[in-house]
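S.K.: First, the structure itself, so that you have it in front of you.
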Amino acid sequence: MSEPRLIEISPVTRVEGHGKVTIHLNADNEVDEARLHIVEFRGFERFIRGRLMWEVPVIVQRLCGICPVSHHLAAAKAMDMIAGVDQLTPTAEKMRRLMHYGQVMQSHVLHFFHLAAPDLLFGFGAPAEKRNIFEVIKEKPELGKRAILMRKYGQEIIEATAGKKVHGTGAIPGGINRNLPVERRDHFLGSIDEMTEWAQDAVKLARDYTLEHEDLVAEFGSFPSNYMSLVRESDGALDLYHGNLRALSSTGEMLFDQVPYSRYHELIVEDVRSWSYMKFPFIREMGPDDGWYRVGPLARMNTASFIDTPLADAALKELKAVTCGTPNNSTLANHWARMIEVLHCVEKMRELLHDPDLQGTDLIATGDRREEGIGVIEAPRGNLIHHYKVDEHDQVTYCNLIVSTTHNNEGMNRAVKDVAIKHLSGKEQITEGMLNHVEVAIRAYDPCLSCATHALGQMPLQVELFNAEGGLLDSRTQCV
Amino acid sequence: MSGTKKETGFTFTIDGVEITAYAGETIMEAADTAGVYIPRLCDHEGLRHQGSCRVCTVKAGGRSVAACTQPAAPGQAVENESPHLTKMRRDLVEMLFHEGNHLCPICEASGNCELQAMAYRLDMTETTRFPYLEPCRALDASHPDIALDTNRCISCGRCIRASEDVDGKGVFGYVGRGIHRRVAVNGENLADTDAQVTDHAISSEVCPVGCIIRKRVGFVTPIGEREFDKGLIGHEIEARRK
């Protein structure tokens, strides 16, 4: 029997932002508690107050350097509502959708190839110096090239629609500030076939990994949960830009369906816990113990009735077949779901690029001013809620943001605990590989812990061992 | 140009370039006509000269003078773009950034802002040497069509002169002294004045930064189509050069 220990992983690597994991081992080296802590505080909800409503989509996107478009568009949708615009012009809606599909594509590609692929290709316990994108490029040069060029394609779509690859200004209250010139359209159409082919290959890669590692995927950080996302209003299809809320239980029972997202606060409550800056949302009717849910690519695959693009829909059917049509509860299946969404985005972009509305000149709609606006979008990491109130002087008086990673807070914590119990319990010695298992579980959610730029390269992972009295027993630092 | 002016024309040089000027013209006016750009912030076409920002400082006859107020003199050798003057101008602009709260990434004037454009022109790219003062200034959004974000004000006084001399209103004026000098409105807040969105003082051309805001315009002009997306500040004047 040894002394109780506290293991700390800080910061967690190859995720966006900073967080840490603490694992409490008792005297028998069994895991008593394991938690993911969010150690940064941003304060956007407070300092946006007093700013002018049309500035909001530009200011709040600074939450994130990876998927700023999500915040830009969710805020713009909320401001549409405040501007009294319930229906955008066709050009505005399609330009925004194109922007969003470009973003989801580049973000998912970044996560899968640059951040997660080293774990999947080389193994969770592979030497730390091997687990990075440069080793992926070295060992699989064609894969590495595709990763870079697919991300570039998505980023260029964002630039064409928002004005900049990161932190553009395209979406404005009531519409968009530009259309897509034919030269840009033709440029994108020139490589859309290649993108489609590569996206299909990426789906195959993720699917094969999932099926070939069936036992690992089934047990690794997997547990039943509820799922929530937007689905298309008319038919429940996957819709990343707009729709109504749908939630399912782990067995597929409909918890609520086709609820307008402006009523999100009737359905969801946020719990606060003293050890993390991130809140814990849950479904109000079910309470915090049973009402927590997961969002993101796998959640969307679980909630969507189908996908309205043929290649992605075929891939979805294949994923659903694994669990006989019931929700898939395997955390690692998120990677497969993520690549299906990349394929869906590429198909949607092709559809849009052939649509002459993108060259339309009717960009902005107007309406009767309202005091409150709610914008919800399916961001790469899951459902994203922006809620604002604006006074008669056009100044923001209230802001509430529920970001995808917040929705997944309970899920990530459970995944951390599950993996810690399975891979650390009863072990005297901490190995680097064991710790990476914990991080792999977190990474599967592609969390954006501070909505900041992700770390790549010399990112220190510090692990410290404390005895029950808080004395430092051992420490280790690695660079990933 | 009048026949009288032509008769009284004379020449002087700016950085060795011969410039023709006429009696009563300032160094800056003659330079503008000849297509030689002298950086400036408080000066604006159509408004009386003030000479307060000192960004247009040139060396004339060995002395540092404000080109916007100093009359051109026959045979004078004026120094404009020397490393010393460029550094001095860069320092002035850098201090303006430090004195206010200029958050270019989220400012709707970005791309149209003369302060930002001047920083680019003067190559203000190095790590800052001065502490940010981070003043706490309120945003006045009381007017239905205009907002005033004095966090971004550089006290150039262009709105004051435009309101007094062009609009005949006196909506704006200076208050305080020294570093505490600020542009203020003639009332409790902007809604309490007779400012109108159609006033010359409210136009985006008069305010060089994002302080005076015409409401609900914001980011309607996309990136790439903003004033200084087309070229460095002063490019239109330099295009006149033969």
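Sequences listed follow chains C and S, in order. Last residue of the first sequence: 483 in the working numbering, with the numbers rising by one and none dropped. Last residue of the second sequence: 1258 in the working numbering, with the numbers rising by one and none dropped. For each residue, glycine too, the CB sits at the ideal point set by N, CA and C.
Let's see if you can read the secondary structure: which residues bound the beta strand (DSSP E) around PHE1026(S)?
M.R.: First-last of the beta strand (DSSP E) with PHE1026(S): 1026-1030.
S.K.: Determine whether the Cβ of TRP295(C) lies closer than 8 Å to any Cβ atom of chain S.
M.R.: No, its Cβ sits nowhere closer than 8 Å to a Cβ of chain S.
S.K.: Do you know whose CA, among MET1111(S), TYR1190(S), GLU1150(S), lies nearest ASN1117(S)'s CA?
M.R.: The option with the nearest alpha carbon to ASN1117(S) is GLU1150(S).
S.K.: How about the region 1209-1226 of chain S and the region 1171-1179 of chain S: do they share at least three Cβ pairs that are nearer than 8 Å?
M.R.: Contact between the region 1209-1226 of chain S and the region 1171-1179 of chain S is present, because at least three Cβ pairs lie under 8 Å.
S.K.: In three-state terms, what does DSSP make of PRO463(C)?
M.R.: With a pLDDT of 37 at PRO463(C), under the threshold of 50, the modelled position of this residue cannot be trusted; read the value that follows with caution. Note: PRO463(C) maps to strand in three-state DSSP.
S.K.: Could you tell me which chain C residues have their CB closer than 7 Å to the CB of PRO1121(S), listed as they occur along the chain?
M.R.: In chain order: ARG65, HIS170.
S.K.: Using the beta-carbon count (16 or more within 10 Å), is GLN461(C) buried or exposed?
M.R.: Residue confidence for GLN461(C) is low, a pLDDT of 33 falling below 50, so the modelled location carries little weight; the figure read from the coordinates is stated next. Counting Cβ neighbours within 10 Å, GLN461(C) comes out exposed, since fewer than 16 surround it.
S.K.: Can you look up MET84(C) in the DSSP assignment and give me helix, strand or coil?
M.R.: Looking at MET84(C) - three-state DSSP - the assignment turns out to be helix.
S.K.: Helix, strand or coil for MET257(C) per DSSP?
M.R.: Strand, per DSSP.
S.K.: Residues of chain S with CB closer than 8 Å to the CB of ILE175(C), please, in chain order.
M.R.: Ordered by position in chain S, the residues that pass the 8 Å Cβ test against ILE175(C) are GLY1234, PHE1235, VAL1236.
S.K.: Enumerate in chain order the residues of its own chain whose CB-to-CB distance from GLN90(C) is below 6 Å, with the five nearest sequence positions on each side excluded.
M.R.: Excluding residues within five positions, none has a Cβ falling inside 6 Å.
S.K.: Could you pull out every unbroken beta strand (DSSP E) segment of at least 3 residues lying fully inside the region 1075-1107 of chain S, listed in chain order?
M.R.: Segments of the beta strand (DSSP E) lying fully in the region 1075-1107 of chain S: 1079-1082, 1093-1095.
S.K.: So is SER333(C) buried or exposed if we call it buried at 16+ other beta carbons inside 10 Å?
M.R.: It is buried - the Cβ of SER333(C) has at least 16 other Cβ atoms within 10 Å.
S.K.: Taking the runs of the beta strand (DSSP E) that are 3 residues or longer, which of them lie wholly in the region 358-435 of chain C?
M.R.: Taking only runs of at least 3 residues, the beta strand (DSSP E) segments lying wholly in the region 358-435 of chain C are 375-382, 385-393, 399-405.
S.K.: Kindly indicate which three-state DSSP category LEU1149(S) falls into: helix, strand or coil?
M.R.: Coil.
S.K.: Give every residue of the same chain whose Cβ lies closer than 6 Å to the Cβ of GLU1034(S), excluding the five residues on either side of it in the sequence, and list them in chain order.
M.R.: Result list for GLU1034(S): THR1027, in chain order.
S.K.: What three-state label does DSSP hand THR456(C) in the structure shown?
M.R.: No answer about THR456(C) holds up, because its pLDDT of 24 lies below 50 and its placement is not dependable.
S.K.: Tell me, which residues are paired with THR1036(S) by DSSP?
M.R.: Paired residues: THR1027(S).
S.K.: Step through the CB atoms of chain S and report whether any lies within less than 8 Å of the CB of HIS103(C).
M.R.: No, its Cβ sits nowhere closer than 8 Å to a Cβ of chain S.
S.K.: Just how far apart, CA to CA, sit ARG276(C) and ILE405(C)?
M.R.: Taking the straight line from one Cα to the other gives about 16 Å.
S.K.: I'd like to confirm the pairing. Which residues does DSSP put opposite ALA1157(S) in its beta bridges?
M.R.: Answer by DSSP bridge pairing: none, since ALA1157(S) is not bridged.
S.K.: Pick from LYS80(C), ARG49(C), ASN32(C): whose alpha carbon is nearest that of HIS521(C)?
M.R.: Here chain C covers residues 4 to 483 and nothing more, so residue 521(C) does not appear.
S.K.: Note down, in chain order, every chain S residue with its Cβ under 9 Å from the Cβ of GLY53(C).
M.R.: Near GLY53(C) (Cβ distances below 9 Å), the residues of chain S are ALA1154, LEU1155, ALA1157.
S.K.: Using a beta-carbon distance below 8 Å, is ALA1163(S) in contact with chain C?
M.R.: Answer yes: the Cβ-Cβ gap between ALA1163(S) and chain C drops below 8 Å somewhere.
S.K.: Which class does TYR156(C) belong to by DSSP, given the choice of helix, strand or coil?
M.R.: Note: TYR156(C) maps to helix in three-state DSSP.
S.K.: Given that a residue counts as buried once 16 or more other Cβ atoms are within 10 Å of its Cβ, and exposed if not, what is GLU1061(S)?
M.R.: With fewer than 16 other Cβ atoms within 10 Å, it is exposed.
S.K.: The beta strand (DSSP E) with ASN229(C) in it runs from where to where?
M.R.: That run of the beta strand (DSSP E) goes 229-234.
S.K.: Quick one: which residues of the region 1061-1092 of chain S get their C-beta closer than 9 Å to a C-beta of chain C? List them in chain order.
M.R.: Correct list: empty, as no residue qualifies.
S.K.: Helix, strand or coil: how does DSSP classify PHE127(C) here?
M.R.: Correct three-state label for PHE127(C): coil.
S.K.: Indicate the three-state DSSP secondary structure (helix, strand or coil) for SER265(C) in the structure shown.
M.R.: Helix.
S.K.: Which whole-angstrom value is the C-beta distance of PRO176(C) and ASP83(C), which I expect to be below 8 Å?
M.R.: Right, the Cβ-Cβ distance comes to about 6 Å (below 8 Å), so this counts as a contact.
S.K.: Does the distance from the C-beta atom of PRO330(C) to that of TYR230(C) stay below 8 Å?
M.R.: In contact: PRO330(C) and TYR230(C) (Cβ atoms closer than 8 Å).
S.K.: Relative to the alpha-carbon of LEU55(C), which residue among GLU1180(S), ALA1157(S), ALA1255(S) has its alpha-carbon at the smallest distance?
M.R.: Ranking the options by Cα distance to LEU55(C), first place goes to ALA1157(S).
S.K.: For LEU459(C), decide whether its Cβ has a neighbour in chain S, counting only Cβ atoms nearer than 8 Å.
M.R.: Bear in mind that the predicted position of LEU459(C) carries a pLDDT of just 30, short of 50, making it unreliable; the figure below should be weighed with that in mind. Chain S contact via Cβ: absent.
S.K.: Helix or strand or just coil, what does DSSP make of GLU215(C)?
M.R.: Three-state result, GLU215(C): helix.
S.K.: What's the C-alpha gap between LEU1138(S) and ALA1088(S)?
M.R.: Their Cα atoms are separated by approximately 24 Å.
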